[in-house]
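Here is the structure we will look at.
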Amino acid sequence: MRNSFDWTPYRRSTVGFDRLFDFLESSGSAENYPPFDIEKVADDHFRITIAVAGFKEDEIDITAQQNMLAITGRKAPAREGEERKLLYSGIATRAFERRFQLADFVRVDRADLADGLLTIDLVREVPEAMKPHKIAIGDSKPTLVENGSKQAA
């Protein structure tokens, strides 16, 4: 399924967002298994919830590196004498890999698996040196601006 929205007017008025628009235009062709939700829990706290029914903790691998989070799932092969005779198989347990591009300074805080849902909590921690500092004219020390209140740096 192709995204029919035309991003051309936005491309002309933005700088440095080409990768974002390319992603939005190509996102319709991605596989939809397993389904997932992304929610904003707080200003700097996010949660990814992935439906992984039928998978156990040891069959799921979560890897975070640089600005990429990869979740892979592979069912363990059936053991000897553990053969099942299914009359109908509607629960998808095929192998999967989901990748999420993370913004700068976002780290994985924790991951839990309960009731067939894998939840991954993410936290954005901007280093103090990267936070905005207001420089007063004629003042030799910068003033840290945090939540609208001034503090001496």
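Residue numbers for the sequence shown follow our numbering, so the first one is 924 and each next one is one higher. Just so it is clear, CB atoms sit at the ideal spot from N, CA and C, and this is done for glycine as well.
Query: With a threshold of 16 other CB atoms inside 10 Å of the CB of L996, please say whether the residue is buried or exposed.; Result: Per the sequence shown, residue 996 should be read as Gly rather than Leu. When all chains shown are included, G996 counts as buried.
Query: Out of curiosity, what's the CA-to-CA distance linking F969 and L1025?; Result: 11 Å
Query: Using 8 Å as the threshold, is the C-beta distance between P957 and I973 below it?; Result: yes
Query: I need the straight-line Cα distance from Y1036 to P1055, nearest angstrom please.; Result: Sequence inspection shows Leu at residue 1036; the Tyr mentioned does not correspond to that position. Straight-line Cα distance between these residues: approximately 37 Å.
Query: Would R1021 be called buried (16 or more neighbouring beta carbons within 10 Å of its own) or exposed?; Result: buried
Query: Since Q989 is in the beta strand (DSSP E), which residue starts that stretch and which ends it?; Result: From DSSP, Q989 is part of no beta strand (DSSP E); its letter is neither H nor E.
Query: By the DSSP assignment, the beta strand (DSSP E) with E962 in it spans what residues?; Result: 959–965
Query: Sort V964, I983, A987 by Cα distance to F1028 and report the nearest one.; Result: A987
Query: Between which two residues does the beta strand (DSSP E) carrying R1022 extend?; Result: 1019–1024
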